[in-house]
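The sequence shown begins at 0 in numbering that gives the first Met the number 0 and counts up by one.
Each residue gets a CB set at the ideal place from its N, CA and C atoms; glycine is no exception.
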Amino acid sequence: MQDKQLLIVGIDPGTTLGYSVFDINGNVLETNSTKLLNLDLLTARLTSLGRIVVIGTDKRKVPAFIDKLRRKSGAKLITPSEDLKKEEKSRLASGYNIKNTHEKDALSSAVFSYNKLKPLFTKIDSYLNICKKSKYSNSVKELLLTENNLNISSALELVENSMLKKKQKSIMDVVRVLPETDKVDNSKSTTEESSESLKLKRKNFQMEREVKLLKGHAVSLKNELARYRRLFKLLEKKISVSPNKKAKEILRFREKRIYSLTFQIELMKKESSHLNDKISSLNLFISNLNNNILLKKLDTLSWQEFLKKNKVLNIKQDDVLFVNNPCIVSDKTLDSLKDVVNVIVHNQDTSRKLKDKLGFIFIDSKEFDITENELFGLVDKEMFNKVKNNKGLLNTIIKEYKSKKE
């Protein structure tokens, strides 16, 4: 599973910078234009959405700003053989929500790049579907976009080997720190727990890396702010000696820029603090996995919610879901969870009729003392198994009674 989604980015550099971000399925994630983003801030914004694997431009000759971003991100660069004409860009951007020409140029660059890559993506998905290895689609695409001289089969082999080595290493790391009794008597549960621990550790590492990046950008902003303050003082001296209209306009611009940078620094600090809180929460979850059951949180059982969260949760056989409102449900979600999930812990109650229809063991969250964060919950393993067994027995008795009555 990819920790971050892969991004195709179209850029229109200039005083007003336009950018448009697509995922590799051709969905628009964000399109915007601003005067407040330099290279570092744009990189921070894009990497908060995913990993940049492709950068597109509407120019045949690559602008210096885009080349710097390409080298900084390690992404593949896609350019047209000739500068895209105005009519072509209008056609490519048709049907999308854009506010100005900067966004149109950026979006048309992203669409042009996606269209260039679409045949390759289709070929990859067809090959993996035949091999019954579609779960590696994103990893194979990422490898083929960022590495040269690879074909699809070679990329697939590299991805599988990498996944196997990571899995083996993670299991060995966990086994080395476990007591001897756990190694002998609980080999199956140890493997499952180490897998969950690995996922949490991977997300923890990713967040730590993002915190480091945010702190670096905050330092960069502080340095730029200090430079503007020095210029501001120099301008004040000049104006006090010989005031003129142009100097006052420059001073007002500097004041606005200082205010903008100060505001951005505060935002960076808040986001960094928020990520640090998430890291602390994940560390708590990792340290308490052995004696607890991990719950995977969904707000509802709608298809949209399932698709959005499952990219991170990776719901698999015998997982336990923690659903806020199970009354909102989609048949597609039920088909995906059928024969995979047995137990759903829920906050909002639902009718007995709906519970019987859905076919899961439903347990009210009030039965447990649950430690939770944005995506996961932890509940004592012994208490969970006791309540689950009681609920399962009760459901069996009710079903037998109804069948006899019929």
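- Put simply, of V53, S93, D317 and L353 the residue whose alpha carbon is nearest the alpha carbon of N324 is L353.
- Judged by DSSP in its simplified three-state form, I51 adopts strand.
- Bridge pairing for V8: V20 and I54 [DSSP].
- For I54, the closest of V386, K140, A105 and S301 by C-alpha to C-alpha distance is A105.
- Around the beta carbon of S47, fewer than 16 other beta carbons lie within 10 angstroms, which makes this residue exposed.
- Taking C-alpha positions only, F64 is separated from K58 by approximately 12 Å.
- For S32, the enclosing beta strand (DSSP E) starts and ends at V27 to T33.
- For K98, no beta strand (DSSP E) encloses it, and the DSSP letter there is neither H nor E.
- Between I327 and V344, the beta carbon gap of about 16 Å keeps them out of contact (Cβ cut-off 8 Å).
- With respect to L38, V61 sits apart: the two C-beta atoms are not nearer than 8 Å.
- Between the beta-carbon of V378 and that of N291 there is about 6 Å, and that keeps the pair under the 8 Å contact cut.
- Judged by DSSP in its simplified three-state form, V340 adopts coil rather than helix or strand.
- Around the C-beta of G94, fewer than 16 other C-beta atoms lie within 10 Å, and the residue is accordingly described as exposed.
- For V378, the enclosing beta strand (DSSP E) has its first and last residue at F375 to D379.
- Taking C-beta separations shorter than 7 Å and ignoring five residues to either side along the sequence, the partners of K132 in its chain run L155, following chain order.
- If you draw a straight line from the Cα of L266 to the Cα of S152, it comes to about 44 Å.
- Distance check between V319 and each of K98, D338 and T14 places D338 closest, using alpha-carbon atoms only.
- Of the residues T100, D66, L83 and D82, the one whose Cα lies closest to the Cα of T30 is T100.
- Per DSSP, reduced to three states, the secondary structure at P325 is strand.
- Secondary structure of L149 (DSSP, three-state): coil.
- Counting of Cβ neighbours within 10 angstroms places I23 among the buried residues, the total reaching 16 or more.
- Between S80 and G9 the beta-carbon gap is near 17 Å, outside 8 Å, which marks them as no contact.
- About 6 Å separates the beta carbons of L374 and K296, which is inside the 8 Å limit, making them a contact pair.
- A straight line joining the alpha-carbon of N309 with that of S138 spans about 17 Å.
- Using a Cβ distance threshold of 8 Å, R44 and L35 do not count as a contacting pair.
- Following the DSSP letters along the chain, one finds L353 inside the alpha helix (DSSP H) bounded by residues R351 to L357.
- Look at L320 here: in three-state DSSP terms it is strand.
- Sequence-distant Cβ neighbours of T15 in its own chain, meaning closer than 6 Å and more than five residues away, are S32, K34 and H101.
- Straight-line spacing of the CA atoms in S72 and L144 works out to 13 Å.
- Cβ atoms of K387 and V342 come within 8 Å of each other, at about 6 Å.
- Assigned with DSSP and collapsed to three states, T46 falls in helix.
- When secondary structure is reduced to three states using DSSP, E87 falls in the helix class.
- Between I278 and N372, the CB-CB gap reaches or exceeds 8 Å.
- The C-alpha of F111 is placed about 12 Å away from the C-alpha of K84.
- DSSP, read as helix, strand or coil, puts K315 in coil.
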